[in-house]
Amino acid sequence: MTMAVSKIVPVILAGGSGTRLWPISRDSMPKQFLALGSERTFYQDTLLRLPPKSAGGTDPIVITADAFRFFARRQAAEIGVNPTIILEPARRDSAAALIVAARYAQKLYGDDCLVLALAADHLVPDVALFQQACLDGAAAAEEGHIVTFGITPTEPRTSYGYIKPGKPLGTPGAFAVTSFVEKPDRETAGRYVAEGYLWNSGNFIFPAALMLAEAAKFEPEIAAGADKTIAGAHEDLGFIRLEEKSFVAIPAKSIDYAVLERTDRAAVIEGRFSWSDIGSWDAVRDSRSPGEHGNVTTGPVALIDSQNAFIHSEGPLVTGIGLDNMTVVASEDAILIMPSDRAQDVKHLVASLKAEKRNEANEHIKIHRPWGTYQTICRGDRFHVKKIVVEPGAKLSLQKHHHRAEHWVVVRGTAEVTLNDTVRTVNENESIYLPLGAIHRVANPGKIPLELIEVQTGSYLGEDDIVRIEDIYARV
């Protein structure tokens with residue numbers, strides 16, 4: 001693999017919510033950190049297909065939300081990747097994120113570095129072809145272009161934007177961009193495919209200095225805000241926290257609107273690798289091979305007299321009789337049922353659930369925390385039973401409650417429990433009672449996950465009845 005002249009700094013955008021894949025993807029655990037039918041998550045696969053250091057690649061920069069910081073670090077560590085993780089104080093679309101990333105990459109690697117900006121949640125099975133496209137794109141970027149990866153269409157898709165290539169450039173397979181066009185209707189999409197348009201993948205490579213200069217020209221407020229938020233950034237538990245006030249003041253715009261559609265330096269490189277943004281359940285279905293009668297199933301599923309059905313279950317047994325071109329997606333606490341051609345409407349359903357303040361719209365039944373997870377088993381008016389899993393070496397905050405007492409039963413591993421002024425070990429099949437108002441904490445000193453059953457009793461059992469006294473994750 002040919003080495004690029006300039007350093008290639010991968011920037012992974014990992015802060016999205018992925019609501020069109022509800023109920024599996026939700027705000028509390030979005031699709032980039034999920035493994036949909038794979039051993040690895042989309043985020044991990046993205047990290048593993050980056051250009052190697054032998055070809056000019058560097059360690060990646062990951063931009064994500066504060067709520068996802070420990071997912072980003074833990075999942076990267078699982079595959080041996082050590083990224084710089086920058087935390088966005090709020091969602092400000094892709095322009096703010098990419099311009100901040102370009103400035104930070106320039107700070108780390110110098111004025112002549114290239115930024116390879118990738119979404120964390122796309123499916124790209126052809127790793128070698130993708131890496132070669134990155135190097136071809138780097139060559140075009142070194143000629144002074146902001147290069148987007150266009151994908152040769154396999155069919156007229158109405159869910160993708162399109163790019164019209166113009167004159168060829170010096171790099172083979174690279175073209176000037178004549179125009180970017182929004183998601184078309186079916187007839188227009190067919191015409192675009194016939195006329196040689198490419199799908200807009202939303203992934204780019206560009207000289208950091210060029211992007212910053214174009215941003216300063218077209219969006220000086222965004223460029224100035226990026227400089228301010230980086231100048232005020234600080235390190236927190238190994239993460240880079242951007243200065244909040246300056247970042248929140250940055251206008252929310254996509255990089256397409258802010259720069260790409262206005263610059264005369266836009267180029268497109270034709271990516272011949274297989275690609276999908278996995279933006280909806282029909283895209284998930286298309287990424288899998290159908291079985292008998294055209295059905296695609298994952299998880300515990302039993303069908304009779306059904307055809308062209310897509311069934312994905314991550315919890316209960318899903319059964320169906322006489323299904324025809326239907327989609328069913330089941331999690332442990334919610335089930336989605338729809339005609340398969342209505343996949344793009346899931347976002348409207350989620351919006352209505354949020355308007356009704358349904359907790360299922362945003363949170364999974366299993367809640368992730370920096371130390372592990374907890375999951376509701378059963379709850380009533382004055383009790384709440386949870387399963388808690390604490391990762392090896394992790395510990396909960398030192399805390400107390402005003403309205404509830406707790407009883408912990410250890411079912412796996414060893415717990416180190418602080419109760420007021422004492423610290424004791426609680427082993428498997430042992431329990432401990434934590435009276436109302438007691439200062440307490442549980443830690444896992446062992447080498448395997450600690451699992452315990454927590455029984456809460458009291459007049460109020462909300463998660464906001466936690467008074468943190470000390471916390472290694474800086475949540476006090």
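Heads up: the sequence shown at position 80 corresponds to 80 in UniProt numbering, and the numbers run straight through without jumps. Glycine is no exception: its CB is placed at the ideal position from the N, C-alpha and C atoms.
Sequence-distant partners of Ile367 (beyond 5 residues in either direction) whose C-beta falls short of 6 Å from its own C-beta, in its chain, are Tyr374. For the pair of segments examined, the stretch 239 to 247 was found not to touch the stretch 289 to 298: the number of CB pairs separated by less than 8 Å stays below three. A Cβ-Cβ distance of about 5 Å is found for the pair Val181 and Tyr162, placing them in contact under the 8 Å criterion. A contact is defined here as three or more CB-CB pairs under 8 Å, and the stretch 100 to 118 fails this definition with respect to the stretch 29 to 42. About 5 Å separates the beta carbons of Ser201 and Phe149, which is inside the 8 Å limit, making them a contact pair. Boundaries of the alpha helix (DSSP H) around Met211: 208 to 218.
By the Cβ neighbour-count rule, Pro60 is buried, with 16 or more other Cβ atoms within 10 Å of its own.
About 6 Å separates the beta carbon of Phe130 from that of Arg49, a gap short enough to meet the 8 Å contact definition. In this structure, DSSP gives Asp66 a helical state, which the three-state scheme calls helix. The C-beta separation of Leu210 from Gly299 comes to about 47 Å, leaving the pair out of contact by the 8 Å criterion. Per DSSP, reduced to three states, the secondary structure at Ala330 is strand. Boundaries of the beta strand (DSSP E) around Tyr162: 162 to 168. Residue range 239 to 241 is occupied by the beta strand (DSSP E) that includes Ile240. Here the C-alpha atom of Thr327 lies approximately 14 Å from the C-alpha atom of Ala334. If you draw a straight line from the Cα of Val409 to the Cα of Val81, it is about 36 Å long. Closest option to Ala65, judged by alpha-carbon separation, among Ala97, Arg265, Ser54: Ala97. Leaving aside the five residues that flank Gly393 on each side, the residues in its chain whose CB is nearer than 7 Å to its CB run, in chain order, Asn444. For Glu88, the enclosing beta strand (DSSP E) stretches over residues 84 to 88.
Taking Asp185 as reference, the option from Val442, Gly446, Arg157 with the minimal CA-CA separation is Arg157. Per DSSP, Cys378 is not a residue of any alpha helix (DSSP H); the beta strand (DSSP E) it occupies stretches across 372 to 379. One alpha carbon belongs to Leu461, the other to Gly232, and they sit about 39 Å apart. A contact between stretches requires three or more CB pairs, one per stretch, nearer than 8 Å, and the stretch 255 to 273 fails this requirement with the stretch 4 to 18.
Comparing alpha-carbon positions, the option among His364, Val411, Asp126, Arg468 lying closest to Glu454 turns out to be Val411. Judged by DSSP secondary structure, His348 falls within the alpha helix (DSSP H) whose first and last residues are 346 to 355. For Val248, the enclosing alpha helix (DSSP H) begins and ends at 244 to 248. In the three-state reduction of the DSSP assignment, Ile255 falls in the helix class. Under the three-state reduction of DSSP output, Lys107 falls in the helix class. Residues of the same chain with a CB within less than 8 Å of the CB of Ser280, apart from the 5 flanking positions on each side, are Arg20, Leu21, Ser159, Ala343, Gln344, Val346 in chain order. Sequence-distant partners of Cys378 (beyond 5 residues in either direction) whose C-beta falls short of 6 Å from its own C-beta, in its chain, are Val385. Under the DSSP assignment, Gln307 falls outside any alpha helix (DSSP H); it carries neither an H nor an E label.
About 27 Å separates the beta carbons of Lys400 and His364, which is beyond the 8 Å limit, so they are not a contact pair.
Ranked by Cα distance from Glu78, the first of Ala67, Leu47, Phe68 is Leu47. For Ser274, the secondary structure class from DSSP, reduced to helix, strand or coil, is coil.
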